[in-house]
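Engineer:
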Amino acid sequence: MSAGALGLAVGAGGQGMGRGTGERQSGLPWYRERHVGIEIGPTGANDRDRTFFSRASGRDWVEGLRRAGAEYGVVFMKDMEFAYYRSRVARPCPNMGSRDLLREVLDAARPHRLPMIAYCQVQYDESSWRAHPEWRMKSSDGADIPGRLCYNSGYIEFIESVLAEMMAYEIAGFHVDMLDYGFFPPVGCWCDSCRAAFRMTYGADLPPGVTWDEAWARMLQFRSDSSARFCKEVEAFVERTKPEISVDFNYHGYPPFNWHPGELPVQHAAIGDFVTAEGSPWVFGHNAPGLLVQFLQGAREDGLVQAVTSANVYTYHDFTVKPAAELTWEVLTCLAHGAQVTVVDKLYYDGALEPRVYETIGAAFAEGLAKREMFGHEPRPEVGLYYSSLSRDWWGRDDPPRYMRAFWGAHLAMAQAHIPTGVILDERIGAAALAPYPIVWLPGTAILTPREVEVFEAYVRQGGRLLITGITGVADQHGRLMDRSSAEPLIGGVLRSVEAERRDHYLRLDPHDAVAGLAGRLEAACELPRGWPMLCAGPMAVYEPTTAAGFGRLMFPYRSENNPWASHMSPGREAGPAMLVHPLGKGVVVTAPCSVDAACVSEYRMPEQRRLLRSVIRWLNPKPPVDIVAPPNVETVVTHDRTKNRLLVHFLAWSGAPTFSAAGFPEGRRVLPPMMEEPLIYPAEVRINTPARGVRLAGSSTNLTRSGTRVRFHSGSIHEVLVIGLP
1 MSAGALGLAV
11 GAGGQGMGRG
21 TGERQSGLPW
31 YRERHVGIEI
41 GPTGANDRDR
51 TFFSRASGRD
61 WVEGLRRAGA
71 EYGVVFMKDM
81 EFAYYRSRVA
91 RPCPNMGSRD
101 LLREVLDAAR
111 PHRLPMIAYC
121 QVQYDESSWR
131 AHPEWRMKSS
141 DGADIPGRLC
151 YNSGYIEFIE
161 SVLAEMMAYE
171 IAGFHVDMLD
181 YGFFPPVGCW
191 CDSCRAAFRM
201 TYGADLPPGV
211 TWDEAWARML
221 QFRSDSSARF
231 CKEVEAFVER
241 TKPEISVDFN
251 YHGYPPFNWH
261 PGELPVQHAA
271 IGDFVTAEGS
281 PWVFGHNAPG
291 LLVQFLQGAR
301 EDGLVQAVTS
311 ANVYTYHDFT
321 VKPAAELTWE
331 VLTCLAHGAQ
341 VTVVDKLYYD
351 GALEPRVYET
361 IGAAFAEGLA
371 KREMFGHEPR
381 PEVGLYYSSL
391 SRDWWGRDDP
401 PRYMRAFWGA
411 HLAMAQAHIP
421 TGVILDERIG
431 AAALAPYPIV
441 WLPGTAILTP
451 REVEVFEAYV
461 RQGGRLLITG
471 ITGVADQHGR
481 LMDRSSAEPL
491 IGGVLRSVEA
501 ERRDHYLRLD
511 PHDAVAGLAG
521 RLEAACELPR
531 GWPMLCAGPM
541 AVYEPTTAAG
551 FGRLMFPYRS
561 ENNPWASHMS
571 PGREAGPAML
581 VHPLGKGVVV
591 TAPCSVDAAC
601 VSEYRMPEQR
611 RLLRSVIRWL
621 NPKPPVDIVA
631 PPNVETVVTH
641 DRTKNRLLVH
651 FLAWSGAPTF
661 SAAGFPEGRR
671 VLPPMMEEPL
681 IYPAEVRINT
691 PARGVRLAGS
701 STNLTRSGTR
711 VRFHSGSIHE
721 VLVIGLP
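When we follow our numbering, the leftmost residue of the sequence shown carries the number 1, and every step to the right adds one.
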């Protein structure tokens, strides 16, 4: 695009306020020092009545931001249909008339030095899709895919024209949304531009469809590279034109998203000044805020991440308001993990603000800002959870939970057991990625390449501790089951069978087993009633120990014919050892080739599954810097404040009333997530296994007691911080 495109903006005017309009005296860009903000946008997009967005007011938006204590605003300026500023490129919103909402917002924000980020939507741009058939994504049968525009088309030039118009204003940055290929089939793209680009890249034609072979492997990489290149071109265009403006992209490389959106976790998280993703509990679960931030930090080398949620109860557009306690818990959870937090507010249909939303957000932001010094410090994880995009794509394929259940279950078990975790991505595999973790866990990593096995073996031989669960290593790089497991050198056993599609099995520790050595010590440490077969929902593998020692039993369930409960039956014959312990160099590998992790998020979850996993982790690492005991609905985060040389142990207490579903039998089990209305009073205990020069609670609680290395307290706060001074 020529530089003359900048002249397209009308009425931009105004004066800047330093770096990206968000610079404070520190000279840092806005996103490095501002913790909380609000995204404001329309509900729908309509040109068939005179009501839609007719009451939208930039002054009111800024007043709402200020009332809530927001440190920045993200404002919709180009969505699926309209531009809300005075554009000559994108279609202006008819009901705005000659008004320029971006100018209104910036004029109102200027006296308060409030950075404003312009929102720009890419995919599902319906107005561009209608106007430019040549930009449309196509499915393998040549049909246009509704709402989706090809990354290899001329659409990039249109987006750059839109951004150029807005860069004539004194905005602080761009939030570019929806850089996916869609979340469900049909998938793209087989347009002429993609066919030509693929042929030029690989010297071959596009596969005829989803073929799950080597040609499809190239197609997956091509899709990911195409969307990444589009983002990088946008980023480079902004950098060339107005380098002080930040750029971030909405990210869909994290669970539960699979290959459909076309994003690889590390490749796409690296693009932009920081990475932004949504972790709303109403769609992802109440463990999602913490897991999201950990995942983003694992994917993004510099750790600059933004977590997004909404002020609504169940969707972005339902016009409910979360209780202040729930939103406070959510915001402070993300802050404690080290993220910047944006709360989305979808306006009334006419563009007016709902005042109570901003009061609720304000309550959450006030506590977060008051505790600013407690956030943004170095995480101190104990367990590194390994996430394999190869297993996501080739084992999970079109069924993401097939791979992700084990990963989710491992995280949930550790969160409820108060064992701090981080996420290791296969795209970043190497000694440096594993080194920070005393323990690395491979939860159901069905596909392990020779390179990965080599790196994990080196980690263990140098003193690392590796936990392997489920059907790790049983499939080749195209997701096909193998006769031998690639993980056998790590496990110290030979694969005898794989029950990949089995829905259930049982794990039993026997009261009279005589197990010697290292395996015997682990067996004695395992927290599980002896002689009781524990149900584990999911697949399993059966190994015969070679250089490892095994103990316990995995058991097949009974199956019978002409029985309405044939798929729900009690334990039957034995299959193989429940666990294998394999000393390797200076370290050790523990393998539980069952779905005890996936079971933690299954329909048949039980506390015993989590307790067993916690006891295995604690055997592998008996003296972490802090060992925490608290109720399972209290999430904990451990960070190191190096400036003041102290450990910060965050306690984030979530509590909700019993839930209910107004549904007929048997649909009542489909309950909606409960809401948190008030804080929980709970006890906590921390054993400190590192020298400490002082221990205190950062909050108002005064009931802390200390006896030797143990600290006990009760808290009635949503967020509490135990401060441990280091010598």
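Built from N, CA and C at the ideal position, the CB exists for glycine as well.
Nearest-angstrom Cα distance between His730 and Trp619?
Structural biologist: Beyond the ends of the chain as shown, which are 1 and 727, falls residue 730; an answer cannot be given.
Engineer: Which residue comes first and which comes last in the alpha helix (DSSP H) that contains Ala197?
Structural biologist: For this step, residue 197 is matched to residue 197 along the sequence shown. Run containing Ala197: 192 to 202, per the alpha helix (DSSP H) assignment.
Engineer: In chain order, which continuous runs of the beta strand (DSSP E) of length 3 or greater are located wholly inside the segment 382 to 468?
Structural biologist: Segments of the beta strand (DSSP E) lying fully in the segment 382 to 468: 383 to 387, 421 to 425, 439 to 443.
Engineer: Can you tell which of Arg372, Ala299, Gly279 has its C-alpha closest to the C-alpha of Leu327?
Structural biologist: Working through the sequence shown from its first residue, we reach residue 327 at position 327. Minimum Cα distance to Leu327 is reached at Gly279.
Engineer: Work out the CA separation of Leu680 and Glu367 for me, nearest whole Å.
Structural biologist: Taking the first residue of the sequence shown as position 1, residue 367 is located at position 367. Taking the first residue of the sequence shown as position 1, residue 680 is located at position 680. Those two C-alpha atoms are separated by around 17 Å.
Engineer: Tyr169 to Arg99, Cα distance in whole Å?
Structural biologist: What you label residue 169 is simply residue 169 of the sequence shown in a count that begins at 1. What you label residue 99 is simply residue 99 of the sequence shown in a count that begins at 1. Straight-line Cα distance between these residues: approximately 15 Å.
Engineer: Please report the residue range of the beta strand (DSSP E) in which Thr639 lies.
Structural biologist: Start at 1 with the first residue of the sequence shown, and residue 639 comes out as number 639. Unbroken beta strand (DSSP E) run through Thr639: 634 to 641.
Engineer: Could you give the C-beta distance for Glu685 and Gly699, rounded to a whole number, given that I count them as a contact under 8 Å?
Structural biologist: Along the sequence shown, read from residue 1 onward, the residue named residue 685 stands at position 685. Along the sequence shown, read from residue 1 onward, the residue named residue 699 stands at position 699. Between Gly699 and Glu685 the Cβ distance is about 17 Å, and since that is not below 8 Å, they are no contact.
Engineer: So, Glu81 versus Glu39, is the Cβ gap smaller than 8 Å?
Structural biologist: The residue you call residue 81 lines up with position 81 of the sequence shown. The residue you call residue 39 lines up with position 39 of the sequence shown. No.
Engineer: Can you find the residues in the same chain that come closer than 6 Å, C-beta to C-beta, to Asn312, ignoring five residues on each side of it along the sequence?
Structural biologist: The residue labelled residue 312 in the question sits at position 312 within the sequence shown. For Asn312, where only same-chain residues beyond five positions count, the Cβ hits under 6 Å are Asp318, Thr320.
Engineer: Three-state secondary structure (DSSP) at Gly64?
Structural biologist: One-based indexing of the sequence shown puts residue 64 at position 64. DSSP places Gly64 in helix when its eight states are reduced to three.
Engineer: Using DSSP's beta-bridge definition, name the partner residues of Glu720.
Structural biologist: Position 720 of the sequence shown, counted from the first residue, corresponds to residue 720. Note: Glu720 sits in a beta bridge opposite Phe651.
Engineer: To which residues of the same chain is Asp513 closer than 8 Å at the C-beta, ignoring the five residues directly before and after it?
Structural biologist: Translated into the one-based positions of the sequence shown, residue 513 becomes position 513. Here the set comprises Glu523, Phe551, Gly552.
Engineer: Distance, Cα to Cα, Thr276 vs Asn633?
Structural biologist: For this step, residue 276 is matched to residue 276 along the sequence shown. For this step, residue 633 is matched to residue 633 along the sequence shown. Distance between the alpha carbons of Thr276 and Asn633 is about 26 Å.
Engineer: Measuring only the C-alpha atoms, how far is Ser615 from Pro673?
Structural biologist: As a position in the sequence shown, residue 615 is number 615, starting the count at 1. As a position in the sequence shown, residue 673 is number 673, starting the count at 1. Distance between the alpha carbons of Ser615 and Pro673: 29 Å.
Engineer: Alpha carbon to alpha carbon, what distance is there between Val293 and Glu301?
Structural biologist: For the purposes of this step, residue 301 is taken as the residue at position 301 of the sequence shown. For the purposes of this step, residue 293 is taken as the residue at position 293 of the sequence shown. Computed Cα separation, rounded: 13 Å.
Engineer: Could you tell me the boundaries of the beta strand (DSSP E) in which Pro557 lies?
Structural biologist: Looking up residue 557 in the sequence shown gives position 557. That run of the beta strand (DSSP E) goes 553 to 557.
Engineer: Tell me the DSSP secondary structure of Asn250 in three-state form.
Structural biologist: Numbered from its first residue, the sequence shown carries residue 250 at position 250. Here Asn250 sits in strand by DSSP.
Engineer: Would the beta-carbon of Ala68 fall within 8 Å of that of Ile361?
Structural biologist: Along the sequence shown, read from residue 1 onward, the residue named residue 68 stands at position 68. Along the sequence shown, read from residue 1 onward, the residue named residue 361 stands at position 361. A contact, by the Cβ cut-off of 8 Å.
Engineer: Could you give the distance in angstroms between the alpha-carbon of Gln462 and the alpha-carbon of Tyr387?
Structural biologist: For this step, residue 462 is matched to residue 462 along the sequence shown. For this step, residue 387 is matched to residue 387 along the sequence shown. So the alpha carbons of these two residues sit roughly 22 Å apart.
Engineer: By alpha-carbon positions, which one of Met137, Ala339, Ser485, Ala352 ends up nearest to Arg195?
Structural biologist: Residue 195 sits at position 195 when you count from the first residue of the sequence shown. Comparing Cα positions, the closest option is Met137.
Engineer: Cutting at 6 Å between CB atoms, please list the residues of its own chain near Val711, excluding the five before and the five after it.
Structural biologist: Looking up residue 711 in the sequence shown gives position 711. Only Val686, Val695 meet the Cβ criterion.
Engineer: Residues bridged to Gln121 by DSSP?
Structural biologist: On the sequence shown, position 121 is the one that residue 121 refers to. Gln121 pairs with Asp177.
Engineer: Name the DSSP bridge partner or partners of Phe158?
Structural biologist: As a working note, residue 158 is residue 158 in the sequence shown. BP columns for Phe158 are empty, so no partner.
Engineer: For Arg670, name the three-state secondary structure that DSSP assigns.
Structural biologist: Along the sequence shown, one-based indexing puts residue 670 at 670. Looking at Arg670 - three-state DSSP - the assignment turns out to be coil, as it is neither helix nor strand.
Engineer: Given Val383, which residues of its chain have a CB within under 7 Å of its CB, disregarding the five upstream and five downstream residues?
Structural biologist: Taking the first residue of the sequence shown as 1, we reach residue 383 at position 383. The residues are Met414, Ile419, Thr421, Tyr437, Ile439, Trp441, Ile617.
Engineer: Looking at Val626 and Asn703, is the spacing between their C-beta atoms short of 8 Å?
Structural biologist: Residue mapping note: residue 703 aligns to position 703 of the sequence shown, counting from 1. Residue mapping note: residue 626 aligns to position 626 of the sequence shown, counting from 1. No, the pair does not count as a contact, with Cβ atoms beyond the cut-off.
Engineer: Looking at the strands, I want to know which residues DSSP matches up with Lys762.
Structural biologist: Within the shown structure, residues of the chain are numbered from 1 to 727, placing residue 762 beyond reach of any answer.
Engineer: Looking only at C-alpha atoms, which of Ala446, Thr591, Gly587 sits nearest to Gly576?
Structural biologist: Locating residue 576 in the sequence shown gives position 576, where the first residue counts as 1. When only C-alpha atoms are compared, the closest one is Thr591.
Engineer: Less than 8 Å between the CB atoms is what I'm expecting for Asp79 and Ala45, so what's the real figure, rounded?
Structural biologist: Against the sequence shown, residue 79 aligns to sequence position 79. Against the sequence shown, residue 45 aligns to sequence position 45. That belief holds up - the Cβ atoms of Asp79 and Ala45 are roughly 6 Å apart, short of 8 Å.
Engineer: Let me confirm a value: His337 is counted as buried when at least 16 other C-beta atoms fall within 10 Å, else exposed. Which label applies?
Structural biologist: Numbered from its first residue, the sequence shown carries residue 337 at position 337. With 16 or more other Cβ atoms within 10 Å, it is buried.
Engineer: For Asp345, count neighbouring C-beta atoms within 10 Å of its own C-beta (all shown protein chains included) and say buried if the count is 16 or more, exposed if not.
Structural biologist: Locating residue 345 in the sequence shown gives position 345, counting from the first residue. Buried is the call here.
Engineer: Does the Cβ-Cβ distance between Ala56 and Leu101 come in under 8 Å?
Structural biologist: Counting from 1 along the sequence shown, the entry for residue 56 is found at position 56. Counting from 1 along the sequence shown, the entry for residue 101 is found at position 101. For Ala56 and Leu101, yes; Cβs fall inside 8 Å.
Engineer: Under three-state DSSP, which class holds Thr276?
Structural biologist: Within the sequence shown, residue 276 is the residue found at index 276, counting from 1. Three-state DSSP puts Thr276 in a strand.
Engineer: According to DSSP, is Phe660 part of a helix, a strand, or is it coil?
Structural biologist: Taking the first residue of the sequence shown as position 1, residue 660 is located at position 660. Reduced to three states, the DSSP call for Phe660 is coil.
Engineer: Here's the rule I'm using: 16 or more other beta-carbon atoms within 10 Å means buried, otherwise exposed. How should Leu466 be labelled?
Structural biologist: The sequence position of residue 466 within the sequence shown is 466, counting from 1. With 16 or more other Cβ atoms within 10 Å, it is buried.
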